[in-house]
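Asks:
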């Protein structure tokens, strides 16, 4: 069965962003949506050519054309629809796997936690809705990078701004992103947050990018158990994509 065309989804993500935020620069749009500069520029040029966007007089910012600015449908974004659907599934996942489960989205060049559920265990990993972290950080950063069409320069830029908790070369990081792309979920074992092992799977065909995560204490699970959690996350991500 055929699915949505990724570039079309990205174009609508740009339109929704400008409907919410007003005029923005190329770099601002790319950071918020999670696109590389070249991909973002190609989409913006296409939207301008089709009459959906206009460049302001200074040539630095893009805005919705008059015929598009008042469309209410552009103000109904994925996060608003996704969160209520995700919460019961995250809660069930957290209890089934004795983990902290979260829903993250790309926002303003970072990833933001927009829904959180835990297992109810007496000892659990502390996280709060609304917290943000660098776009390349953690399992979420790797999963989002794996699901995007990033060139090596953009991947290295995301890697470079993260304050890693233990040594991690860019070569190793790029290898972890490639592994995430192949198996459908990413793992960060104490690199992003000391003492925490996190896993993430990107939600297919959603823009701006979103992912689901599971966090457990480092060294509390075997490799087989982590793989089981990863596969379950991948299934959860696909479920959320299907029901949105």
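Residue numbers (this note's numbering): -18 to 225.
Where a beta carbon is used, it is the ideal one built from N, C-alpha and C, also for glycine.
Quick check on residue 137: does DSSP put it in helix, strand or coil?
Replies: DSSP places residue 137 in helix when its eight states are reduced to three.
Asks: Beta carbon of residue 10, beta carbon of residue 43: below 9 Å?
Replies: Contact flag set, yes.
Asks: Could you tell me whether the stretch 110 to 130 touches the stretch 180 to 200, where touching means 3 or more Cβ pairs closer than 8 Å?
Replies: Touching, yes.
Asks: Quick one: using the 10 Å Cβ neighbour count with 16 as the cut-off for buried, is residue 86 buried or exposed?
Replies: Buried, by the Cβ-count rule.
Asks: Give the range of the alpha helix (DSSP H) segment to which residue 206 is assigned.
Replies: Counting along the chain, the alpha helix (DSSP H) containing residue 206 begins and ends at 204 to 224.
Asks: For the candidate residues 8, 17, 45 and 7, whose alpha-carbon lies nearest to that of residue 1?
Replies: If we check each option's Cα against that of residue 1, 45 comes out closest.
Asks: Which stretch, first to last residue, makes up the beta strand (DSSP E) that contains residue 168?
Replies: Segment 167 to 170, the beta strand (DSSP E) holding residue 168.
Asks: Grab me the residues of residue 129's own chain with a C-beta within less than 7 Å of its C-beta, minus the 5 sequence neighbours each way, in chain order.
Replies: Taken in chain order, the residues that qualify are 15 and 190.
Asks: Quick one: Cα of residue 38 to Cα of residue 151, how far?
Replies: Cα to Cα, the separation comes out at about 40 Å.
Asks: State yes or no: is the C-beta of residue 90 within less than 9 Å of the C-beta of residue 116?
Replies: Yes.
Asks: To which residues does DSSP link residue 83 through a beta bridge?
Replies: DSSP, once it has assigned bridges, lists 97 and 194 as partnering residue 83.
Asks: Bridge partners for residue 114 per DSSP, in chain order?
Replies: DSSP lists 92 as partners of residue 114.
Asks: Which residue spans inside the stretch -6 to 36 form an unbroken alpha helix (DSSP H) run of at least 4?
Replies: Counting only runs of 4 or more, we get 7 to 14 and 18 to 30.
Asks: Quick one: Cα of residue 220 to Cα of residue 211, how far?
Replies: Between residue 220 and residue 211, the C-alpha separation is close to 14 Å.
Asks: Return yes when the Cβ of residue 218 is within less than 9 Å of the Cβ of residue 178, no when it is not.
Replies: No.
Asks: Using DSSP bridges, identify the partner residues of residue 43.
Replies: Beta-bridge pairing links residue 43 to 5 and 36.
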